[in-house]
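*Asks:* Let me give you the structure first, and then I'll get to my questions.
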Amino acid sequence: MKKVYLFATALMVSFTALVLMPSCKDDDDDKETMTLYDSLGGTKMVADPVGGAMIEQGRLGIRSVVDSTIFVIAADTQLNTKFFSVLLAEVGAGNLTGFNILSKNLTDFFCVATGAKNYTYNGLDMVSAHNPATHSRIGSKINNAEFDRFVADLVTGAQKVGLSNQLIGQVGALVETTRSQVVQN
Ligand code: HEM
545 MKKVYLFATA
555 LMVSFTALVL
565 MPSCKDDDDD
575 KETMTLYDSL
585 GGTKMVADPV
595 GGAMIEQGRL
605 GIRSVVDSTI
615 FVIAADTQLN
625 TKFFSVLLAE
635 VGAGNLTGFN
645 ILSKNLTDFF
655 CVATGAKNYT
665 YNGLDMVSAH
675 NPATHSRIGS
685 KINNAEFDRF
695 VADLVTGAQK
705 VGLSNQLIGQ
715 VGALVETTRS
725 QVVQN
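Using the numbering used here, you'd call the opening residue of the sequence shown number 545 and step up by one each time.
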């Protein structure tokens, strides 16, 4: 687990500066047309601290929140073994394949949900993703209290990478729209 923790810390430190950067807009964009994705960094191309390829700043910011949150949840005994035992076993064995797929799918999901134009989400729908009968990687159906706990961990994950309270509030409102699909218990 120490290896995982170090990996998480490295990710968060390297991404913090980017998440804190103000968003950059084209001059001809109206304030009214700004999406949450724009506020999170938008389409400005920046170097990805992991690998060095160019990446949209909004996507990089979202990915940093996603990865930070996965590691908060991995340490949360109210959620970790009950729901994420498949992922935890893989990561504990040094296998990051499932982590990378989850990180990509969650990042794609939030990019699309916040208004990104250049990415698509190809993962399971929210009902199927959160039912063990249709998704073998989830340990149990989720109740309302567990959803609340997950959102609290998301807030902690976002705070760890320096997202403002204002943006955290907007992300929180967005995830709340998925509650009726995610909560099935
Ligand atoms: C708050 C809103 C939530 C959103 C938007 C969300 C979104 C997602 C997405 C996009 C995936 C990937 C699906 C795929 O790979 O096809 C996923 C997987 C998963 N979600 Fe959620 N989720 C939410 C809440 C929760 C909650 C509350 C829990 C548990 C308490 C949970 C547990 C899981 C698990 C265990 C997986 C599979 C992880 C793995 O690949 O190993 N999710 N979720």
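Every residue gets a Cβ at the ideal spot worked out from N, C-alpha and C, and that includes glycine.
Whose C-beta lies closer than 7 Å to the C-beta of T579 among residues of the same chain, with five residues either side of it excluded?
*Replies:* So the qualifying residues of the chain are T658, G659.
*Asks:* What is the rounded straight-line gap between the Cα of V719 and the Cα of N662?
*Replies:* Their backbone Cα atoms lie some 21 Å apart in a straight line.
*Asks:* Take V594 as the anchor and find which of V616, K588, D697, R607 has the nearest alpha-carbon.
*Replies:* Comparing Cα-Cα distances from V594 to each of V616, K588, D697, R607, the minimum goes to R607.
*Asks:* Which of the three DSSP states is assigned to A591 in this structure?
*Replies:* Strand.
*Asks:* Tell me whether K546 is buried or exposed, calling it buried when 16 or more other Cβ atoms sit within 10 Å of its Cβ.
*Replies:* Confidence is the limiting factor: at K546 the pLDDT is only 44, short of 50, which leaves the residue's position unreliable and the question unanswerable from this model.
*Asks:* Quick one: is the Cβ of R607 within less than 7 Å of any heavy atom of the ligand HEM?
*Replies:* The answer is no for R607.
*Asks:* Less than 8 Å separating the beta-carbons of M670 and V726?
*Replies:* Yes; because the gap between Cβ atoms is below 8 Å, this pair is in contact.
*Asks:* Specify whether the stretch 629-648 and the stretch 684-691 touch according to this definition: at least 3 beta carbon pairs, one from each stretch, less than 8 Å apart.
*Replies:* Cβ pair count under 8 Å is below three, so no.
*Asks:* Is V727 helix, strand or coil when you go by DSSP?
*Replies:* Note: V727 maps to strand in three-state DSSP.
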